[in-house]
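Peer 1: Just so we're aligned: the sequence shown equals residues 213 to 375 in the numbering used here. Before anything else, here's the structure in question.
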Amino acid sequence: MAGGRFLVAYFSWSGNTRRLAHLIHEEVGGDVFEIQPAVPYPDSYSEVLEQARREIRSGYKPPLREVRDVSPYTVIFIGSPNWWSTIAPPVAAFLAGQDFSGKALAPFCTHGGGGLGRMVEDIARLCPRAAILEPLSVYEGDLRDLQAIRAKAAAWLHRIGVK
Ligand SMILES: Cc1cc2nc3c(=O)[nH]c(=O)nc-3n(C[C@H](O)[C@H](O)[C@H](O)COP(=O)(O)O)c2cc1C
Numbered sequence: 213m214a215g216g217r218f219l220v221a222y223f224s225w226s227g228n229t230r231r232l233a234h235l236i237h238e239e240v241g242g243d244v245f246e247i248q249p250a251v252p253y254p255d256s257y258s259e260v261l262e263q264a265r266r267e268i269r270s271g272y273k274p275p276l277r278e279v280r281d282v283s284p285y286t287v288i289f290i291g292s293p294n295w296w297s298t299i300a301p302p303v304a305a306f307l308a309g310q311d312f313s314g315k316a317l318a319p320f321c322t323h324g325g326g327g328l329g330r331m332v333e334d335i336a337r338l339c340p341r342a343a344i345l346e347p348l349s350v351y352e353g354d355l356r357d358l359q360a361i362r363a364k365a366a367a368w369l370h371r372i373g374v375k
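So, in C-alpha cells, the structure goes:
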C-alpha cells in the first residue's frame with residue numbers, strides 16, 4: 213500500500229482525536245480533513261453527552277458542514293472519539309454519505325477507558341464493501357506523552373502496511 217493516496221479524516225469535539233489525527237498525518241502524509249457537523253455540538257459536556265446519546269440511539273446522521281470526496285484515495289484513516297461505545301454521529305454521516313467500495317479504511321479512536329467499543333463493527337456495517345484494517349485505539353490520558361503515542365502509531369502504521 214506504500215505509494216497509495218492517503219486521507220486522514222476525523223471528528224473531534226474536545227481536541228484529543230484531532231491531536232492523534234495530526235500525528236498520523238505527519239507520519240503518512242497525504243491529506244487531512246476535519247469532519248464537522250453543520251450545527252456544532254454544544255460546549256457543555258453534560259449537554260453533548262445527552263445530545264450524543266439521543267442521536268446514537270436513533271441512528272441520526274447530522275448534515276455535515278463540508279464533504280470531502282474520497283474517490284481519489286486508496287487508504288482512508290477514519291478517526292472518532294468513542295461516544296457511547298461507538299463512532300460519533302458526524303463520522304457515521306461521513307461514512308454513510310459516500311461509496312467506500314474497494315477502499316481500505318483504517319479506524320482510529322481516542323477514548324476515556326472504553327477502547328474501541330463497537331466502533332469497528334459499526335464502521336463495517338456502514339461501509340460493507342471496504343476493507344477494514346486493524347484499528348488503533350488511544351486512551352485520552354496517554355496523549356500527554358506524545359513521543360510514546362507517536363511510536364505506537366508508527367508501529368501500527370507498519371503493521372497495516374502503510375509505512
Ligand atoms: C458524548 C460523549 C460520549 C462519550 N462516551 C464514551 C464512552 O462510551 N466510552 C469511553 O471510553 N469514553 C467516552 N467518552 C470520552 C471520549 O471518548 C474521550 O474523551 C475522547 O478522547 C474525546 O475525543 P475528542 O477530544 O477528540 O472529542 C465520551 C465523551 C463524550 C463527549
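Glycine residues also receive a C-beta, built at the ideal position from the N, C-alpha and C atoms.
1) Report yes if the CB atom of residue 347 is closer than 8 Å to the CB atom of residue 328, and no otherwise.
2) According to DSSP, is residue 295 helix, strand or coil?
3) Between 226, 338, 239, which has its C-alpha nearest residue 365's C-alpha?
4) Check for me: the alpha helix (DSSP H) holding residue 318 runs from which residue to which?
5) Let me check you understand the geometry: is the CB of residue 260 closer than 7 Å to at least one non-hydrogen atom of ligand 2?
6) Check whether the Cβ of residue 323 sits closer than 7 Å to any heavy atom of ligand 1, and report yes or no.
7) Taking 8 Å as the threshold (C-beta atoms), are residue 300 and residue 317 in contact?
Peer 2: Considering the structure as presented:
1) In this structure, residue 347 lies near residue 328, with their beta-carbon atoms less than 8 Å apart.
2) Strand, per DSSP.
3) Taking the Cα of residue 365 as reference, the smallest distance to any Cα among 226, 338, 239 is reached at 239.
4) Counting along the chain, residue 318 falls outside any alpha helix (DSSP H), though it belongs to the beta strand (DSSP E) covering 316-323.
5) Ligand 2 is not among the ligands present in this structure, which contains only ligand 1.
6) Yes, ligand 1 has a heavy atom inside 7 Å of this Cβ.
7) No, the pair does not count as a contact, with Cβ atoms beyond the cut-off.
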